[in-house]
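Visitor: If you count the sequence shown from 1, you need to add 129 to reach our numbering.
Backbone N, C-alpha and C define an ideal beta-carbon position, used for all residues, glycine too.
Can you read through this structure? Questions will come right after.
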Amino acid sequence: MPLAANHGFEYFIKAFNNKDFINALRNTLVLNLFDLVIGFPVPIIFALILNELVFKRFKRVVQTIAYMPHFLSWVIIYGLALQLFAPSTGFVNLLLTKLGFESVPFLNDPSHWVGTYISLGVWQSFGWNSIVYLAAIAGINSELYEAASVDGAGRFKKMWHITLPGIKPTIVVLLVMSLGNILGSGFDRPFALQNNLVMNVAEVLATFVYKNGIKGLQFSLTTAVGFFQSLVCVIFLLLANWISRKLGERGIW
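Below, the structure written as structure tokens:
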């Protein structure tokens, strides 16, 4: 029995002794934190701005344009990024050099790559993610806005004192779910955008599992990694929900 138990845990020990796994774990955590801090507020702000637009036709056009990137695969998005941000042939760098500036290594330098990775992720998802907040805003009682107008409140005060409190439960629930996925990561985005020059910041757990498990045939090792990843996500989810309930919010259950 002790031998069997040790045999079960040896792959966890092997994973934590693997420098590539530690690097992928760190990168997954850092990139997801950046996504959360930078990407989470953008759909909220976008929904608030859309709600203030008066011209309905213009509002629909803006919504449609913002939703479109969600339906593009990351292979297509990488192709677009390559056309725009390639060091010597990308449109942005060609424009910068013509204006007398130095080209920016958006895709080749680790620090610039992280910024490009986060920016593309926000651009791809903010329009689609704003749908939930727009639905929550639509459910706010319109009489509250009318009463605020009678009291002389402007648009900003209505937004701050009515709209934001009205969608606060939705924000909290989605924030808890995002925190629960802090160690999870999709495969398509990092795999499509990474290259050999930025692997020290681009390798995440999903690509580590693919390269070592499927291509490297280390199924036991990557099973242990996947189990660890799921366990940490569940712990973060429970902790975030507990904190939410302690602060008086509804949480997800």
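1) Roughly how many angstroms separate the alpha carbons of Glu139 and Ala353, rounded to a whole number?
2) To the nearest angstrom, how far is it from the Cα of His199 to the Cα of Thr226?
3) Over what stretch of residues does the alpha helix (DSSP H) that includes Ser254 continue unbroken?
4) Within the same chain, show all residues whose beta-carbon is closer than 6 Å to that of Pro298, passing over the 5 residues directly before and after it, in chain order.
5) Using the rule of at least 16 other Cβ atoms within 10 Å of the residue's Cβ for burial, across every protein chain shown, is Asp149 buried or exposed?
6) Kindly indicate which three-state DSSP category Phe235 falls into: helix, strand or coil?
7) State the CB to CB distance for the pair Lys188 and Leu179, rounded to an integer number of angstroms; the pair is presumed to be in contact (CB under 8 Å).
8) Taking all protein chains shown into account, do 16 or more other C-beta atoms lie within 10 angstroms of the C-beta of Trp289, making it buried, or fewer, making it exposed?
9) Just to confirm, are Val251 and Gly168 a CB contact at a threshold of 8 Å?
10) For Ile151, tell me which candidate among Trp371, Ile372, Leu334 and Leu360 has the shortest Cα-Cα distance.
11) Quick check on Met130: buried or exposed, where buried means 16 or more other Cβ atoms within 10 Å of its Cβ?
12) Only counting the same chain, and skipping five residues up and downstream in sequence, which positions put a Cβ closer than 6 Å to that of Leu132?
13) Residue range of the alpha helix (DSSP H) that Arg155 falls in?
14) Taking the alpha helix (DSSP H) that Thr73 belongs to, which residues open and close that run?
15) Where does Ala215 fall in DSSP's three states?
16) Decide yes or no for the touch test of the stretch 227-241 against the stretch 320-337: beta carbon pairs closer than 8 Å, at least 3 of them.
17) When the Cα atoms are used, what is the spatial distance from Ser359 to Thr292?
18) Taking just the CA atoms, how far does Leu346 sit from Trp203?
19) Beta-carbon within less than 8 Å of Cys362's beta-carbon, same chain only, minus the 5 sequence neighbours each way: which residues are those?
20) Within a Cβ cutoff of 6 Å, which residues of the same chain sit near Phe255, ignoring the five residues on either side of it in sequence?
21) Under the assumption that Phe220 contacts Leu228 (Cβ atoms under 8 Å), give the Cβ distance between them as a whole number of angstroms.
22) What is the DSSP secondary structure of Met171, counted as helix, strand or coil?
23) Do the CB positions of Lys287 and Ala277 come within less than 8 Å of each other?
24) Among Ala265, Ile205 and Leu160, whose alpha-carbon lies nearest the alpha-carbon of Val301?
Guide: On the basis of the data shown:
1) 9 Å
2) So the alpha carbons of these two residues sit roughly 31 Å apart.
3) Pro239 to Ala267
4) Arg379
5) exposed
6) Assigned with DSSP and collapsed to three states, Phe235 falls in coil, not helix or strand.
7) 6 Å
8) exposed
9) yes
10) Leu334
11) At Met130 the pLDDT is 42, less than 50, meaning the model places this residue with poor confidence; the figure from the coordinates comes in the next sentence. By the neighbour-count criterion, in which a residue is buried when 16 or more other Cβ atoms sit within 10 angstroms of its Cβ, Met130 is exposed.
12) In this prediction, Leu132 has a pLDDT of 45, which is less than 50 and means its spatial position is unreliable; what the coordinates show is noted afterwards. Around Leu132: no qualifying Cβ.
13) Lys148 to Phe163
14) What the structure shows of the chain is the stretch from 130 to 382, and residue 73 is not part of that stretch, so it cannot be assessed.
15) coil
16) The stretch 227-241 vs the stretch 320-337: in contact.
17) 35 Å
18) 26 Å
19) Gly309, Asn310, Ile311, Leu312 and Gly313.
20) Val171, Pro172 and Phe175
21) Going by Cβ atoms, the distance from Phe220 to Leu228 rounds to 13 Å, so no, they are not a contact pair.
22) Position check: residue 171 holds Val in this sequence, whereas Met was assumed. Helix at Val171.
23) yes
24) Ala265
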